[in-house]
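Residue 109 is where the sequence shown starts when you use our numbering, and the numbers rise one by one after that.
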Amino acid sequence: MDAQQTFRNFVRAGTLLAARSTRQDQLQVLVDQTYDITNAALCCAYIYPPDDSTEQFLLLSARRGRRAVTQRIPLKDELIGFMEDCREALVLSEPHPHYFHSAFLDPQMYSAAVLPLFSGSSSIGIVILNAEQPGFFRRDRFSFLESFVQLASGTLHSAALYRQLQDQYRAIEELERYQSSIFSSMTNLLVTLDEKGHIEYANDIAREKLGIRDEDLGRKFYSVFTKIFSKKILSAIQHAENTGSMELGLQGILQRDGQQIDFALNISPLRGKRGRKEGVILLFTDQTAEKQLKSEMSTVVEERRAIKDMFARYLSNDIVQSLMQTPELVRPGGDKKTATIFFADIRGYTAFTESKDPEFIIGVLNDYFSEAVEVILKYRGFIDKFIGDCIMAAWGVPMYSAESDAVSAVSCAVELQELVRSPKRRFFTGDASHLKIGIGMHTGPLIAGNLGSDQRMDYSVIGDTVNVAARLEGVAGPNDIIITQDTRDLIGDRFRLKELEPVSVKGKRKPLHIFKVEKLLR
Numbered sequence: 109m110d111a112q113q114t115f116r117n118f119v120r121a122g123t124l125l126a127a128r129s130t131r132q133d134q135l136q137v138l139v140d141q142t143y144d145i146t147n148a149a150l151c152c153a154y155i156y157p158p159d160d161s162t163e164q165f166l167l168l169s170a171r172r173g174r175r176a177v178t179q180r181i182p183l184k185d186e187l188i189g190f191m192e193d194c195r196e197a198l199v200l201s202e203p204h205p206h207y208f209h210s211a212f213l214d215p216q217m218y219s220a221a222v223l224p225l226f227s228g229s230s231s232i233g234i235v236i237l238n239a240e241q242p243g244f245f246r247r248d249r250f251s252f253l254e255s256f257v258q259l260a261s262g263t264l265h266s267a268a269l270y271r272q273l274q275d276q277y278r279a280i281e282e283l284e285r286y287q288s289s290i291f292s293s294m295t296n297l298l299v300t301l302d303e304k305g306h307i308e309y310a311n312d313i314a315r316e317k318l319g320i321r322d323e324d325l326g327r328k329f330y331s332v333f334t335k336i337f338s339k340k341i342l343s344a345i346q347h348a349e350n351t352g353s354m355e356l357g358l359q360g361i362l363q364r365d366g367q368q369i370d371f372a373l374n375i376s377p378l379r380g381k382r383g384r385k386e387g388v389i390l391l392f393t394d395q396t397a398e399k400q401l402k403s404e405m406s407t408v409v410e411e412r413r414a415i416k417d418m419f420a421r422y423l424s425n426d427i428v429q430s431l432m433q434t435p436e437l438v439r440p441g442g443d444k445k446t447a448t449i450f451f452a453d454i455r456g457y458t459a460f461t462e463s464k465d466p467e468f469i470i471g472v473l474n475d476y477f478s479e480a481v482e483v484i485l486k487y488r489g490f491i492d493k494f495i496g497d498c499i500m501a502a503w504g505v506p507m508y509s510a511e512s513d514a515v516s517a518v519s520c521a522v523e524l525q526e527l528v529r530s531p532k533r534r535f536f537t538g539d540a541s542h543l544k545i546g547i548g549m550h551t552g553p554l555i556a557g558n559l560g561s562d563q564r565m566d567y568s569v570i571g572d573t574v575n576v577a578a579r580l581e582g583v584a585g586p587n588d589i590i591i592t593q594d595t596r597d598l599i600g601d602r603f604r605l606k607e608l609e610p611v612s613v614k615g616k617r618k619p620l621h622i623f624k625v626e627k628l629l630r
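Encoded structure:
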């Protein structure tokens, strides 16, 4: 093709592409035009799965050509990795014995061109063209291909943005309905006034407690409430209306029908486009109920603080020494570490507690925790926290030795499971004798240190490694110890392991390779 013919083909193909509104139609036009204009033997478009999908393949979305082709290409294929890394077209004049086999969709194809579909940071898919002759995709064909695929990428991205805009519009409509439902069900008294001081809206609780009737809507706020609000409150509302200022934390007593309500009032301006004043929002909070709630919350916080302090004694000597030798750890923050995280959860606990007295349940937990903590400390672990019936522990913080930490952690898990299964155990007796534990473990990078302020801080670990270990604990059955490939790589041949089917966990694009630890090899 000469330059003029290439340009005419590009304009015609671009016009056909712009006339389509759905992604599938656009992809088919892309494939049809590249197939017809280049005279290729095969042309296929493979598309990435949605972001929220667990699919691990690019899926065939459009094709032309008489030969059968694969319906999907694995995300981990070297061709896909190359496309993601360089985002450049790949032309293969002939098959290579060692590389990019998936670029050739049929054994009878002897040249290939692979072009990425992307726009900005958004990856859409790839287009693969095959020909029966070696060296088929010369400069004239490639010039059209590269330009047209880039145009198609932008068109596909624009169409996706348009669909997102439609979805957002529908979401806004749903949000408006949701907002109306919230206003109707909220416990605070909400009243809005228009720019002239007329009552425009009142939620259900405001109508009930302030006595606002349907006929009061549209009336001046002052004429309706002169007798039940003080002059101070009415003046503050009028001042906010006139100046557009915000008034917060106004205190007052509402007197109506022989009842008094201790309230706090926040007044906020309502503004439209370009800051034009459109009225004010009056938000009344029943102080009596709020003060009672604060008192209850304070009690809960103190109870939790007492529990936290009680378990603080489970810091190992290594951690104490590390804090003494490294005083910066007592300030907020910490260090990046590689650690093995351990979650051990009681199986059957929820059903067990349904018919038991709280005192009995606490006794069962404390008996178990006392024994489990001793095992963890024996293997130099750090008790991070107790989460209900679950123990979270870590190896590698603050002292670090990746291999020995992983071995110690898995050895601890094996001994703890042996202790739970032992007929001589001193916990899980009587009605609790059927209880078992499941353990999930993962090794990886995280942040460890004292988190908080100078007044209050706790030594803890955070990061994706913690999240993965917690999710593997959910995979583990009774008596199971489940570890990831990262942990398995560090423990050598010291344990008998059974490889399980990979599992998908929230937050991970690819399934995790996992192993069940069966025993320590003496």
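For glycine and all other residues, C-beta sits at the position ideal for the given N, C-alpha and C. No experiment lies behind these values; they were computed from the predicted model shown.
- Taking the Cα positions, residue 308 is about 50 angstroms away from residue 226.
- Your pair residue 373 and residue 445 does not check out as a contact, with CB atoms roughly 50 angstroms apart and the cut at 8 angstroms.
- If you look at residue 190, you'll find it isn't in any beta strand (DSSP E); it sits in the alpha helix (DSSP H) that goes 186-194.
- For the options 141, 145, 195, 159, the alpha carbon positioned closest to that of residue 170 is the one of 141.
- Note that the C-beta distance between residue 583 and residue 603 is not below 7 angstroms.
- Secondary-structure assignment with DSSP links residue 120 through no beta bridge to anything.
- Residue 443 has 556 as its beta-bridge partners, per DSSP.
- Residue range 593-596 is occupied by the alpha helix (DSSP H) that includes residue 594.
- Straight across, the Cα-Cα distance linking residue 134 with residue 285 is about 35 angstroms.
- Just measuring C-alpha positions, the residue of 376, 587, 193, 228 sitting nearest residue 259 is 228.
- The C-beta of residue 202 has fewer than 16 other C-beta atoms within 10 Å across all chains shown, which makes the residue exposed.
- In this structure the segment 468-475 does not touch the segment 568-586; the number of beta carbon pairs closer than 8 angstroms is below three.
- Under the DSSP assignment, residue 232 falls in the beta strand (DSSP E) whose first and last residues are 230-239.
- In terms of CA proximity to residue 370, 392 leads the group 345, 392, 340, 124.
- A contact between stretches requires three or more CB pairs, one per stretch, nearer than 8 angstroms, and the segment 489-503 fails this requirement with the segment 607-620.
- DSSP places residue 141 in no beta strand (DSSP E) but in the uninterrupted alpha helix (DSSP H) bounded by 131-146.
- Here residue 177 has 150, 152, 168, 171, 213, 214 as same chain residues with Cβ atoms under 8 angstroms from its own Cβ, once five neighbours each way along the sequence are excluded.
- Here the C-alpha atom of residue 313 lies approximately 39 angstroms from the C-alpha atom of residue 461.
- Exposure of residue 161 is indicated by the presence of fewer than 16 other C-beta atoms within 10 angstroms of its C-beta.
- Residue 175 has its alpha-carbon roughly 11 angstroms from the corresponding atom of residue 239.
- In the DSSP annotation of this structure, the continuous segment of the alpha helix (DSSP H) that includes residue 316 starts and ends at 312-318.
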